[in-house]
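> Residue numbers for the sequence shown follow the working numbering, beginning at 1 and rising by one. Cβ coordinates follow ideal geometry from the N, Cα and C atoms, glycine included.
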Amino acid sequence: FLVLSLVFLTVFSPFGEELLYRGIVTNGLLRYGSFVSVVGSTVIFALMHGINTVFPAAVVAGLATAEIFRRSGSIWPGLVIHFVFNLPSFLIMIFVGTG
Numbered sequence: 001f002l003v004l005s006l007v008f009l010t011v012f013s014p015f016g017e018e019l020l021y022r023g024i025v026t027n028g029l030l031r032y033g034s035f036v037s038v039v040g041s042t043v044i045f046a047l048m049h050g051i052n053t054v055f056p057a058a059v060v061a062g063l064a065t066a067e068i069f070r071r072s073g074s075i076w077p078g079l080v081i082h083f084v085f086n087l088p089s090f091l092i093m094i095f096v097g098t099g
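1) Does Thr42 pass the burial test, meaning 16 or more other C-beta atoms within 10 Å, or should it be called exposed?
2) Decide if Val60 is buried, meaning its Cβ has at least 16 other Cβ atoms within 10 Å, or exposed.
3) Check whether the region 11-19 touches the region 73-87, counting contact only when three or more Cβ pairs, one atom from each stretch, lie closer than 8 Å.
4) Which first and last residues belong to the alpha helix (DSSP H) in which Glu17 is found?
5) Helix, strand or coil for Ser74? Go by DSSP, reduced to three states.
The structure is reproduced here in structure tokens:
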């Protein structure tokens with residue numbers, strides 16, 4: 001179960017989120033300008049993570065990955081960032097017991 005959770009939370013979930021929030025939402029909002037695209041997709045991304053202790057980190061991660069997507073046109077750099085962020089978070093949940 002632990003390995004399955006690790007793979008889901010560090011690979012599959014970030015891939016789906018980057019595809020949705022950057023590939024679809026950020027890309028779709030680009031017609032309204034860069035600011036609206038990056039901030040709009042970030043707000044949606046952060047709110048979907050909930051108003052809790054994760055929210056500020058989701059805002060920062062959302063801004064970073066949305067801007068990187070806007071500049072590169074690819075979800076892959078953001079996916080790597082998302083993976084790098086989620087892996088330590090997952091490990092902290094396991095070893096500290098907050099999950």
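A quick look at the data gives this:
1) As a working note, residue 42 is residue 42 in the sequence shown. By the C-beta density criterion, Thr42 is buried, having at least 16 other C-beta atoms within 10 angstroms.
2) By 1-based counting over the sequence shown, the position of residue 60 is 60. When all chains shown are included, Val60 counts as exposed.
3) yes
4) In the sequence shown, the residue the question calls residue 17 occupies position 17. Start and end: 13-17.
5) Here the question's residue 74 lines up with position 74 in the sequence shown. It is coil, neither helix nor strand.
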